[in-house]
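Printed below as a string of structure tokens:
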């Protein structure tokens, strides 16, 4: 009972902070976040500290919400709230390292099933140094690839349409050294891409190459040992 009451009190306090943020006196000449931002940008002329404080409050409120639908409804509000400022940051900053607001902006889209709306900007931001927040256990490149794998895998399992180019382009980036990820994630991505090519019926050579790479990385749990042997026989490699 105490825990439930405490959670309600926390939610009320956070909501109050969102509605009536405390006034903050700016020091004379203090740099602001977006001096050239659109007048309709709610964060125009706010300091970095103030924007970060508002973002932290919003993220804290999301964590107090219980259900997936409730969380995503608020995330969609946040997308609209931060949209203009996120676009301003993307247009005016060359190096995006440490710009947590952008990371969360993209992630809110992913959580709400809106990856296709921001994918290209998201991938470009990774190339421009966008990083995950400090407390994250993975870096931005690995987190991005995990997003792409989960998006593709879920659609494939449900026989739902999806943009497979995201997956294949990620593999190209990995192959060219533009993205570096851990071996277990690479195995999952390569295996799924191999399955897609194998199922297409027209790119079995490419599927075989991916399956062989999978089995080299994980000989015991790669899961495609039998299929490698079958494909080699089909393609006359044995």
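Numbering (my numbering), first residue to last: 2 to 239. Even glycine gets a Cβ: it sits at the ideal position worked out from N, Cα and C. This one's a predicted model, so the numbers in the text were calculated from it and none came from an experiment.
- By the C-beta density criterion, residue 142 is buried, having at least 16 other C-beta atoms within 10 angstroms.
- Sequence-distant Cβ neighbours of residue 84 in its own chain, meaning closer than 6 Å and more than five residues away, do not exist here.
- The C-beta distance from residue 135 to residue 98 rounds to 12 Å, too long to fall under 8 Å, and the pair is not in contact.
- In the structure shown, the three-state DSSP call for residue 47 is coil.
- DSSP, reduced to helix, strand and coil, places residue 42 outside both helices and strands of the structure shown, so it counts as coil.
- Looking only at 192, 177 and 175, the smallest Cα-Cα distance to residue 153 is reached by 192.
- If you look at residue 210, you'll find it in the alpha helix (DSSP H) that goes 205-218.
- Approximately 5 Å separates the beta-carbon atoms of residue 73 and residue 113; this is inside 8 Å, confirming the contact.
- Here residue 117 has 164 as same chain residues with Cβ atoms under 7 Å from its own Cβ, once five neighbours each way along the sequence are excluded.
- Counting only the Cα atoms, residue 71 lies some 11 Å from residue 64.
- In the structure shown, residue 238 falls within a coil segment according to DSSP collapsed to helix, strand and coil.
- In the three-state DSSP reduction, residue 195 falls in the helix class (H, G or I).
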